[in-house]
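Colleague: Residue numbers (the UniProt record's numbering): 1 to 148.
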Amino acid sequence: MPGNNIVYYKSDTEDKQNEKISMFEKRLNKIISVINKKISTPIEKGSFSQCFFGTKILYRLLIRSFSSYDKQLLVNSDCTGCSICERVCPVANISMKDNKPVWHHRCEQCVACLNLCPRQAIQYRKITVGKKRYRNPFIKINELYRKD
């Protein structure tokens, strides 16, 4: 995703995001063509770090450390209690109490709550204050709502 994790880096400019999306679309069209034509192709191998970080073993270890990530998430007075954060959290880690989000320490760092808050009321400490949020231009927010 072009620039969605604003905790670790700045969101890309809109032009850069569009450039990345265009590149991904071209690659996707090539993949679709290969599948439709039933062409056998060699499996693309990523770098060592991509292979290593993509393993389920490492993922499980990292998830344990991620769970405390949400202890650093703060909500400010701009919060309207709309509950979008609660509805977009894919692991049901957020509930609303007194019209404010409460995190339950099962966070997987998808940063949907942080990026999709319409008032930018959710911050990761002071790191994300004033940073541009990323929203996928091809998906409506309600399409991301968790269906329990």
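Glycine is no exception: its CB is placed at the ideal position from the N, C-alpha and C atoms. Small disclaimer: the values here were computed from a predicted structure and weren't measured.
Closer than 8 Å is the cut-off here; do at least three beta carbon pairs connect the segment 92 to 106 with the segment 126 to 133?
Modeller: no
Colleague: Restricting to Cα atoms, I'd like to know which of Lys71, Glu143, Pro118, Asn136 is closest to Gln109.
Modeller: Lys71
Colleague: Secondary structure at Lys100, three-state DSSP: helix, strand or coil?
Modeller: Residue state, collapsed to three classes: strand.
Colleague: Which residues mark the beginning and the end of the alpha helix (DSSP H) in which Leu116 is found?
Modeller: 112 to 116
Colleague: If you follow the alpha helix (DSSP H) that Ile21 is in, where does it begin and where does it stop?
Modeller: 14 to 36
Colleague: Per the DSSP calculation, Gln123 is bridged to which residue(s)?
Modeller: Residue pairing of Gln123 in beta bridges, as defined by DSSP: Leu74.
Colleague: Could you confirm whether any beta carbon from chain B is found closer than 8 Å to the beta carbon of Ile43?
Modeller: In the structure shown, chain B does not exist; there is a single protein chain.
Colleague: Going by C-alpha to C-alpha distance, which of Pro118, Leu114, Pro90 sits closest to Arg106?
Modeller: Checked all of Pro118, Leu114, Pro90; the closest Cα to Arg106 is Pro90.
Colleague: Bridge partners of Ser11, per DSSP?
Modeller: BP columns for Ser11 are empty, so no partner.
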